DNA sequence: GTCTATACCGAGATAGAC
DNA sequence: GTCTATCTCGGTATAGAC
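Chains as they are written, first to last, in my numbering: chain H, 24 to 242; chain E, 24 to 242.
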C-alpha cells in the first residue's frame with residue numbers, strides 16, 4: 024500500500040531536518056518533498072506546526088529504535104574474542120539504524136532539552152548501556168576487570184566515537200574498517216588487565232553519589 | 024585592552040552559532056550580543072555577510088586549536104600506565120578547549136563541506152591522530168599490538184565518544200569521571216593482547232588501498 | 001563606525017473555494 | 001484533503017545622516 028500523506032510528510036521532515044536542521048527546514052520544502060504543492064498550507068491539514076511534525080518524527084524514530092532492539096540477536100558466547108567482536112559489530116549496525124536520532128541529537132541538542140533527555144534515556148539507558156550489560160554478563164567468565172562500569176563506558180564511548188567520526192567525515196577514522204575496529208576493541212577487552220586497580224575510589228563512591236558537583240566544569 | 028568590535032562580533036557569532044546553529048542565528052542577535060544596536064546594519068561594517076563571519080570565526084578557532092597543540096606537554100614515559108592515563112586526560116582537555124570546533128562540526132557538517140574537511144584535517148590528522156602517534160611512539164617499548172593503527176583508532180574513538188556524550192547530555196556517560204575513564208582506557212591499552220592477531224588482512228592492505236569502494240555503505 | 005530608517009524577500013500560518 | 005491567495009512577521013542587507 025502507498026504511504027499516507029502524513030507518513031510522507033514525516034519522512035520528508037526527518038530527512039530535511041537532518042540535512043539542514045530544524046530552523047533551516049521550511050514548511051514549503053517539506054511540502055515539496057512530500058508531493059504537496061509548495062507554498063500551499065496543505066501541510067497544516069496534517070500537523071499543527073513545524074515543531075509538531077519535528078516531535079512526531081522523533082517519536083516515530085524512537086519507536087523504531089526500540090523495535091530494532093527487540094530484534095537483537097542474543098546468545099551465549101563460546102569463543103569470547105570472536106563472539107565479542109561480532110556483538111560489537113552488531114552495536115555499530117544498531118547505531119547505523121538509529122542514525123536519524125543520533126543526527127538529531129548532535130544537531131539539535133540544547134534546542135529541545137526535553138527531547139534530548141528522552142533520546143538520551145532511550146539510546147543510552149535502554150539501548151547501548153543495556154546491551155553493554157549483556158556483554159559483561161556473557162563475558163563474566165572470561166573477562167575480569169577492576170572497574171566493569173568504567174570498562175563499559177570505554178566500550179560505549181569507542182563505538183559512539185567511531186560511528187560519529189564516520190558520520191561527520193563520510194569515512195571511518197584512519198580508514199579503519201568496522202571489522203578491524205571491532206576486532207581490535209574485542210582483543211583489548213578480552214586481554215587480562217595488568218597492574219593495579221585502574222581507579223582508586225571507583226565503583227561504590229561513584230555509584231552512590233554520582234551527580235554532585237562537577238569537578239571538571241562540563242555543565 | 025578592550026576587545027575590538029570585530030572581535031566581539033566574532034565571539035558573539037561563535038557562541039550563537041553553537042547554541043542555535045547557523046540558520047538559527049540572526050544578524051540582529053549578533054549585533055545585540057556584540058553591544059551594537061540590534062536591527063542596525065552596523066554588523067555589515069565589519070563583515071560582508073552572515074556566512075562571512077561564520078567562516079572567520081572558524082578560522083580563528085582553527086588558529087587557536089593549533090596554538091593549543093604547540094603548548095602540549097611532552098616527555099618520556101616512565102610508568103606506562105599512569106603516564107598514559109595522564110596523556111589521555113590531556114587529550115580530553117584539548118577536546119574541551121576546541122569544543123567550539125567540535126560543536127560546529129557536529130552541527131553544521133554537511134552544510135559547508137569545505138569547512139568540514141578543513142576541520143577534520145586539522146583536528147584528526149594534525150591533532151588527535153598525531154598525538155596518538157606520540158602515544159605509540161612513547162609506549163612502543165611497553166605496548167605491543169598486532170594492529171597499532173587500529174589500536175589508535177580505538178583510542179581516538181573512545182576519547183571522541185566520551186567527549187561528545189558529555190557534550191550532548193551535559194554529564195559523562197554512566198557518570199564515569201574523566202579520571203576513571205582515562206585510567207580504565209590506559210589499563211586496557213597497557214595490558215598484553217591475547218589470542219590471535221585481531222585482524223587478518225590489516226595493516227599493509229588497508230594502508231595501501233584505503234579509500235576504494237565502501238563495503239559498509241557509509242557515504 | 002554607529003545610528004535610524006527602510007527596501008525586499010521569504011517563512012509560518014490562515015481563509016476559503018473546490 | 002488539496003489548492004490559490006493572502007496576512008503578518010522577522011530576517012538580510014542597504015542608504016544615508018551624524
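For each residue, glycine too, the CB sits at the ideal point set by N, CA and C. Bear in mind that the values here come from a model prediction, so they are computed numbers and not experimental data.
How close, in whole Å, do the beta carbons of residue i and residue j come, if the pair is a contact with beta carbons under 8 Å?
| i | j | result |
| --- | --- | --- |
| residue 187 of chain H | residue 183 of chain E | 7 Å |
| residue 209 of chain E | residue 179 of chain E | Not quite, the Cβ-Cβ distance comes to about 14 Å (not below 8 Å), so this is no contact. |
| residue 22 of chain E | residue 76 of chain E | Examination of residue 22 of chain E is not possible in this model, given that chain E is present from 24 through 242 alone. |
| residue 107 of chain E | residue 200 of chain E | Contact doesn't hold; Cβ gap of about 17 Å is too wide. |
| residue 46 of chain E | residue 43 of chain H | 7 Å |
| residue 177 of chain E | residue 211 of chain H | 7 Å |
| residue 197 of chain H | residue 175 of chain E | 7 Å |
| residue 94 of chain E | residue 113 of chain E | Not a contact, Cβ separation roughly 11 Å. |
| residue 54 of chain E | residue 66 of chain E | 5 Å |
| residue 261 of chain E | residue 162 of chain E | This structure gives no information on residue 261 of chain E, because the portion of chain E shown stretches from 24 to 242. |
| residue 52 of chain E | residue 39 of chain E | 6 Å |
| residue 57 of chain H | residue 35 of chain H | 5 Å |
| residue 181 of chain H | residue 129 of chain E | Going by Cβ atoms, the distance from residue 181 of chain H to residue 129 of chain E rounds to 18 Å, so no, they are not a contact pair. |
| residue 122 of chain H | residue 158 of chain H | About 22 Å separates the two Cβ atoms, so there is no contact after all. |
So what does DSSP say about residue i, is it helix, strand or coil?
| i | result |
| --- | --- |
| residue 27 of chain E | coil |
| residue 71 of chain E | coil |
| residue 172 of chain H | helix |
| residue 103 of chain H | helix |
| residue 48 of chain H | coil |
| residue 59 of chain H | coil |
| residue 204 of chain H | helix |
| residue 87 of chain H | helix |
| residue 35 of chain E | helix |
| residue 194 of chain H | coil |
| residue 42 of chain E | helix |
| residue 98 of chain H | coil |
| residue 178 of chain E | helix |
| residue 76 of chain E | helix |
| residue 214 of chain H | coil |
For residue i, verify whether its CB is less than 7 Å away from any heavy atom of the ligand COA.
| i | result |
| --- | --- |
| residue 32 of chain E | The ligand COA is absent from the structure shown, which contains no ligand whatsoever. |
| said: Runs of 4 residues minimum, wholly inside the stretch 110-169 of chain H: which ones carry the alpha helix (DSSP H) assignment? | reply: 122-131, 136-143, 153-162
| message | To be precise: take each residue of the stretch 147-162 of chain E, compare its Cβ to all Cβ atoms of chain H, and keep it if any distance is under 7 Å. Which residues remain? | response | 147, 152
| request: Count the CB pairs spanning the stretch 188-207 of chain H and the stretch 126-139 of chain E that are closer than 8 Å, and state whether there are at least three. | output: yes
| query | For the stretch 141-150 of chain H against the stretch 144-154 of chain E, are there 3 or more C-beta pairs whose distance is under 8 Å? | reply | no
| query | Can you list, in chain order, the residues of the stretch 169-190 of chain E whose Cβ is nearer than 9 Å to any Cβ on chain H? | reply | 169, 170, 172, 173, 174, 175, 176, 177, 178, 179, 180, 181, 182, 183, 184, 185, 186, 187, 188, 189, 190
| said: Which residues of the stretch 56-74 of chain E have a Cβ closer than 7 Å to any Cβ of chain H? Give them in chain order. | reply: none
| query | For the 8 Å Cβ check, are there 3 or more pairs between the stretch 71-89 of chain H and the stretch 162-170 of chain H? | reply | no
| query | If you measure beta-carbon to beta-carbon, which residues of the stretch 199-213 of chain E are closer than 8 Å to chain H? | reply | 199, 200, 201, 202, 203, 204, 206, 207, 208, 209, 210, 211, 212, 213
| Residues within the stretch 109-132 of chain E neighbouring chain H, beta-carbon criterion of under 7 Å | 128, 129, 130, 132
| Which residues, in order along the stretch 34-47 of chain E, keep a beta-carbon less than 9 Å from a beta-carbon of chain H? | 41, 42, 43, 44, 45, 46, 47
| query | Residues in the stretch 132-144 of chain E with C-beta within 8 Å of chain H's C-beta atoms, listed in sequence order? | reply | 132, 133, 134, 139, 140, 143
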